[in-house]
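**Q** Residue numbers (the numbering used here), protein chains in the order written: chain A, 399 to 682; chain B, 165 to 560.
#1: Within a Cβ cutoff of 8 Å, which residues of the same chain sit near residue 501 (chain B), ignoring the five residues on either side of it in sequence?
#2: Which residues in chain A sit within 8 Å of residue 196 (chain B), going by Cβ to Cβ distance?
#3: Looking at residue 713 (chain A): is its Cβ nearer than 9 Å to the Cβ of residue 464 (chain A)?
#4: Which of the three DSSP states is assigned to residue 554 (chain A) in this structure?
#5: Residues of chain A with CB under 7 Å from residue 210 (chain B), in chain order?
#6: Give the single residue among B:400, B:369, B:453 whose Cα lies nearest to the Cα of residue 427 (chain B).
#7: Residue 179 (chain B) by DSSP, collapsed to three states: which one?
#8: Among the residues of its own chain, which have a CB less than 8 Å from the CB of residue 168 (chain B), if the five just before and after it don't count?
#9: As an exercise, report each continuous alpha helix (DSSP H) stretch of at least 4 residues that is fully enclosed by the stretch 440 to 468 of chain B, in chain order.
#10: Would you check if there are 3 or more beta carbon pairs closer than 8 Å linking the stretch 515 to 523 of chain B to the stretch 533 to 541 of chain B?
#11: I'd like to know if residue 558 (chain A) contacts chain B, where contact means its C-beta is closer than 9 Å to some C-beta of that chain.
#12: Looking at the unbroken alpha helix (DSSP H) that takes in residue 211 (chain B), where does it start and where does it end?
#13: In or out: residue 544 (chain B) buried (at least 16 other Cβ within 10 Å) or exposed?
#14: Straight-line CA distance for residue 184 (chain B) to residue 426 (chain A)?
#15: Ignoring anything shorter than 3 residues or poking outside the stretch 473 to 534 of chain B, list the beta strand (DSSP E) runs there in chain order.
#16: On the DSSP letters alone, give me the boundaries of the alpha helix (DSSP H) that residue 379 (chain B) sits inside.
#17: List the endpoints of the continuous beta strand (DSSP E) containing residue 504 (chain A).
#18: Counting only runs of 4+ residues fully inside the stretch 519 to 556 of chain A, write out the alpha helix (DSSP H) ranges in chain order.
#19: Helix or strand or just coil, what does DSSP make of residue 658 (chain A)?
#20: Helix or strand or just coil, what does DSSP make of residue 184 (chain B)?
#21: At what residues does the beta strand (DSSP E) containing residue 544 (chain B) begin and finish?
#22: Report the residues of the stretch 362 to 388 of chain B with a CB closer than 9 Å to any CB of chain A, ordered along the chain.
#23: Any heavy atom of the ligand GTP closer than 8 Å to the Cβ of residue 617 (chain A)?
#24: Closer than 7 Å by C-beta to residue 403 (chain A): which residues in its own chain qualify, once you throw out the five before and the five after it? Chain order, please.
#25: Which of the three DSSP states is assigned to residue 326 (chain B) in this structure?
#26: Using a Cβ-Cβ cutoff of 7 Å, what residues of the stretch 497 to 511 of chain B are near chain A? List them in chain order.
#27: According to the neighbour-count rule (16 or more other Cβ atoms, all chains shown, within 10 Å of its Cβ), is residue 462 (chain B) buried or exposed?
#28: Using 8 Å as the cut-off, can you tell me whether the stretch 211 to 225 of chain B makes contact with the stretch 571 to 588 of chain A, which would need three or more C-beta pairs spanning the two stretches below that distance?
#29: What residues of chain B sit near residue 422 (chain A), judged by a beta carbon separation below 7 Å?
#30: When DSSP labels each residue in this structure, what does residue 476 (chain A) get in the three-state scheme?
#31: Taking just the CA atoms, how far does residue 518 (chain A) sit from residue 345 (chain B)?
#32: I want to see whether chain A comes within less than 9 Å of residue 174 (chain B), judged by CB atoms only; does it?
#33: Give the residues of chain B in contact with residue 487 (chain A), contact being defined as C-beta atoms less than 7 Å apart.
#34: In the DSSP assignment, find the beta strand (DSSP E) that holds residue 584 (chain A) and state where it starts and stops.
#35: Determine whether the Cβ of residue 573 (chain A) lies closer than 9 Å to any Cβ atom of chain B.
#36: Give, in chain order, every residue of the stretch 210 to 230 of chain B whose Cβ lies closer than 7 Å to some Cβ of chain A.
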């Protein structure tokens, strides 16, 4: 397995532009077999990174979308009592009612442990869950095993999954949690990087459009009153919208006439601010 | 290896753990780190667990590996302040000239660096603390410089660019914007208040209660009977009382607004009231404090489990708090001094806190803050303060 790891290095994927810094952090984390915790503005590609790793290595990707009401055991396995109850009453299924194991279904973490292949496990938006969930989960990921109480069986990971954890929170996660992860904060891409990203998504983009879009976008990010500034995701969607509009001409952007503001600004307050700032035709 | 580096990070207040240091050694042993650039990124990913400390890390890295000077005030970065001030001032050279006691023409001849040097010299000249007054570097007061001179947006010096050596990157201090003294945003308030909840079952019965289902089924001689129960939902009652009167709260309006905005969509059962400086006979339900009074006696009828959060700078003339007719509003004349009213509020609602937007360092200088702190636990209206306050509110 060791060889397996060192041979495989992550160098980016078809739809993901990787900066050197992040590449070396991903590779170090994979080699050290530690989870990588990613923070950063929403829309800067935290989730996309896991997709890119899975695509380029190639490994199957398992996504655990964390919800606020989630309990750790939901992520590990589920014991389907109702089906068992039903089977015991009617007895017309293939399952063996006396064998509880037939009624255990693996959750997302469980699946990544039992998979025959090494997988990428993406734990998305960990900050939504409470602190206990986070700490308990890290115990499981540290030990690479968990117990199924109902059948008194310990599930051990066949292959250690590559674990990517994302968090949107400005708040710190608990110390024991952080102690077990490597950490990276994805900074907002600078214009040079952003051009690369756009090229990856729109290989045939007209350079005139690109320049106008870039200038306008970075100017829009500078509007102070806006709370949620548009990020990479919004920019890409916006370009997609602009490109699909046959009437749109790049020149109009310079004049301060900006279509599809709603793609960039999703809060009504922000939208109004942006509209206010651009509508008078003056440069922001 | 790099033990000095580890300790200088630790001394700078970054919470680096020995375990993570060992992990770094392991990474070095495994031959994963082959250049200074890789060391910079890997060491940061392994040792530093919050983007808030990235800036300090950059400074120390630059110091350790390039001999860059550490800023004189560790952890605060006087350079940032002076630069930010400079930025502000340059919009208004006249004010700058006045503050530095020279005329505008003279000022224009200085380069920015000289200007910062000059500013620092002035800062060093001035030993001891200035408080209030219209003199120049100090806290409060009407001078443009001092405590509130901190520039919350953070000024990006140098800008971001890739493909440079690690030391250069570190020197750029790209992560300055994330240090702890940022503005309190809605997200952060949300995070801090998230733990403030009280789960009780509500709504329709749509969740299968397995234990009861099995029990009922057995009772039914094996005929399956599925039992549903209600979901647990948050039903915490909160009263948020905000000091919205007078000019003393004006500087804090954006922060309080954020808290208020968040509270409005977070808590289902939220009552917002207003008061001016301190609470007398009534709390007001309307921001204008004119039409909808809630008399103190009515508050007794509220659920004592309600969390009471008072927000105010607690700064006023002592008689407003102590005197029986202290209220500056003529109509409020019950004869009870405000301090008694506050005490009974604290009795009605055992889970209560006072959030003060003023910096906790300043609290000791205002007598009324000291008095009110004896009645309500007081916390700073900052991320850390909020977290402590929430912890206090949820304590049994």
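Quick reminder that beta carbons are idealized off the backbone N, C-alpha and C, glycines included.
**A** So, to answer that:
#1: Here the set comprises 485, 486, 487, 488, 490.
#2: When 8 Å is used as the limit between beta carbons, residue 196 (chain B) is near these residues of chain A: 425, 426, 429, 430, in chain order.
#3: This structure cannot speak to residue 713 (chain A), because chain A is shown only from 399 to 682.
#4: Annotated three-state conformation of residue 554 (chain A) is strand, per DSSP.
#5: Below the 7 Å Cβ cutoff, chain A contributes 580 as neighbours of residue 210 (chain B), in chain order.
#6: Ranking the options by Cα distance to residue 427 (chain B), first place goes to B:400.
#7: In this structure, residue 179 (chain B) counts as coil in the three-state DSSP scheme.
#8: So the list reads 228, once near-sequence residues are dropped.
#9: Complete alpha helix (DSSP H) runs here, min 4: 460 to 463.
#10: Yes, since at least three Cβ pairs between the stretch 515 to 523 of chain B and the stretch 533 to 541 of chain B fall closer than 8 Å, the two stretches touch.
#11: It does not; no Cβ of chain B falls within 9 Å.
#12: First-last of the alpha helix (DSSP H) with residue 211 (chain B): 200 to 211.
#13: Buried is the call here.
#14: Per the coordinates, the alpha-carbon of residue 184 (chain B) lies some 13 Å from the alpha-carbon of residue 426 (chain A).
#15: DSSP runs (the beta strand (DSSP E)) wholly in the stretch 473 to 534 of chain B: 516 to 520.
#16: Unbroken alpha helix (DSSP H) run through residue 379 (chain B): 374 to 383.
#17: In the DSSP assignment, residue 504 (chain A) falls within the beta strand (DSSP E) that extends over 502 to 504.
#18: If we require 4 residues or more, the alpha helix (DSSP H) runs fully inside the stretch 519 to 556 of chain A come out as 529 to 541.
#19: DSSP, read as helix, strand or coil, puts residue 658 (chain A) in coil.
#20: Note: residue 184 (chain B) maps to helix in three-state DSSP.
#21: Residue range 542 to 544 is occupied by the beta strand (DSSP E) that includes residue 544 (chain B).
#22: Within the stretch 362 to 388 of chain B, contact with chain A at the beta-carbon level (separation under 9 Å) is assigned to 372, 374, 377, 378, 381, 386, 387, 388.
#23: The ligand GTP is not part of this structure, which contains no ligands at all.
#24: Bear in mind that the predicted position of residue 403 (chain A) carries a pLDDT of just 43, short of 50, making it unreliable; the figure below should be weighed with that in mind. Contacts found: 428, 429.
#25: Here the model assigns residue 326 (chain B) a pLDDT of 36, short of 50, so the residue's position is not dependable, and the following value carries that caveat. Coil.
#26: Along the stretch 497 to 511 of chain B, none of the residues has a CB nearer than 7 Å to a CB of chain A.
#27: Residue environment for residue 462 (chain B): exposed (fewer than 16 other C-beta atoms within 10 angstroms of its C-beta).
#28: Contact between the stretch 211 to 225 of chain B and the stretch 571 to 588 of chain A is present, because at least three Cβ pairs lie under 8 Å.
#29: Per Cβ cutoff of 7 Å: 202, 205, 206.
#30: It is a strand residue.
#31: Bear in mind that a pLDDT of 44 at residue 345 (chain B), under 50, signals an unreliable position, so the model cannot answer this.
#32: Contacts with chain A at 9 Å (Cβ-Cβ) do not include residue 174 (chain B).
#33: Within 7 Å Cβ-Cβ: 386, 388.
#34: 580 to 584 is the extent of the beta strand (DSSP E) around residue 584 (chain A).
#35: Yes, contact with chain B.
#36: Against chain A - using a Cβ distance shorter than 7 Å - the residues of the stretch 210 to 230 of chain B are 210, 212, 213, 214, 215, 218.
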